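Worksheet: the structure to be examined is printed underneath.
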Amino acid sequence: GRGGKGSIYVWASGDGGSYDDCNCDGYASSMWTISINSAINDGRTALYDESCSSTLASTFSNGRTRDPEAGV
């Protein structure tokens with residue numbers, strides 16, 4: 003599909019929340035993978051986000067925040 007240029011792998015940084023770390027995920031931390039995280043539209047992280055040094059970029063999400071008063 004890319005004229006012989008190979009494949010592009012985009013992988014979610016993880017959804018284990020503060021109890022997980024995507025650096026332990028073989029796919030997310032692969033040098034051949036682009037790892038993407040998410041952020042709420044006010045800049046906070048979503049409830050399910052994992053901290054990860056392999057994350058290349060973030061995109062907006064409508065996920066729940068760590069603040070229970072913030073709503074969904």
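Residue numbers (our numbering): 3 to 74.
The beta carbon of each residue, even a glycine, is placed where N, CA and C say it ideally should be.
These numbers were taken from a predicted model, which means no experiment stands behind them.
Element boundaries [beta strand (DSSP E), containing N64]: Per DSSP, N64 belongs to no beta strand (DSSP E) and is neither H nor E.
Proximity to C24 [Cα-Cα], best of N64, C54, L58, S60: C54
A30 burial status per 10 Å Cβ neighbour count (16 or more: buried): buried
Residues of its chain near S60, where Cβ-Cβ distance is below 8 Å and the 5 sequence neighbours each way are ignored: Counting only Cβ-Cβ distances below 8 Å, and skipping sequence neighbours, we find I38, N39, S40, A41.
S20 (DSSP reduced to helix, strand or coil): Helix.
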